[in-house]
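Q:
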Amino acid sequence: MKSKIFYSGPLSADFGLLILRVVAGAPMITHGWMKLQNVLAGKLEFGDPIGIGTEASLYLAIFAEFFCAILLILGFLTRIALVPLIITMLVAFFIVHSPDPFNVKELAFIYLGLYTALFFTGPGKLSVDSKL
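The C-terminal position of the sequence shown is numbered 501 in the working numbering, with every residue numbered one higher than the one before it.
1) Just verifying my parser: in three-state terms, what is the DSSP assignment at A433?
2) Between the stretch 387-404 and the stretch 431-438, do three or more beta carbon pairs fall short of 8 angstroms?
3) What is the rounded straight-line gap between the Cα of M469 and the Cα of F384?
4) Quick one: what does DSSP say I388 is sitting in, helix, strand or coil?
5) Leaving out five residues on either side along the sequence, give the residues of the same chain with a beta carbon under 6 angstroms from the beta carbon of E424.
6) If you draw a straight line from the alpha carbon of K474 to that of F463, how long is it in whole angstroms?
7) Residues in its own chain within less than 6 angstroms of A461 by CB, not counting five upstream and five downstream?
8) Please list the terminal residues of the continuous alpha helix (DSSP H) segment that includes V460.
9) By the 10 Å Cβ neighbour count, where 16 or more other Cβ atoms means buried, how is K404 classified, buried or exposed?
10) Does DSSP put I379 in a helix, in a strand, or in coil?
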């Protein structure tokens, strides 16, 4: 009985990685979706935190937060998709929210940690990548 409760074999690790991908990706899609809707409505107002222009910053944020988050959930091109997400969270934590107290920027910190950990672990066997 004890061995079944505390089982930590390969399947449970892969299932854990699937849960992490969904938990780290799904909420990020909502952020990207809101930005994408604004662009489709012609609203291109956005910050320019790294000096590349507001439109470029907006399009890169949409790419990371919407499209790369979908790839993350699917586990398709996972490590490649995580790079823009990690960069986005680095910018959010260290630049956009730099003057803010930690409780304001802690979500960016948590996402950054999740994305970095998934970058190193990979998506697991319950992913499209594992089928390629």
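C-beta atoms are modelled at their ideal positions from N, C-alpha and C, and glycine is treated no differently.
Here the structure is a predicted model, which is why all the values come from computation and not from measurement.
A: Taking the geometry as given:
1) helix
2) yes
3) Here the sequence assigns Asp to residue 469, which means Met is not the residue at that position. Using only the alpha carbons, I get a separation of about 35 angstroms.
4) helix
5) L413
6) 9 angstroms
7) A477
8) 447-460
9) buried
10) Looking at the sequence provided, one finds Pro at residue 379 rather than Ile. Three-state DSSP puts P379 in a helix.
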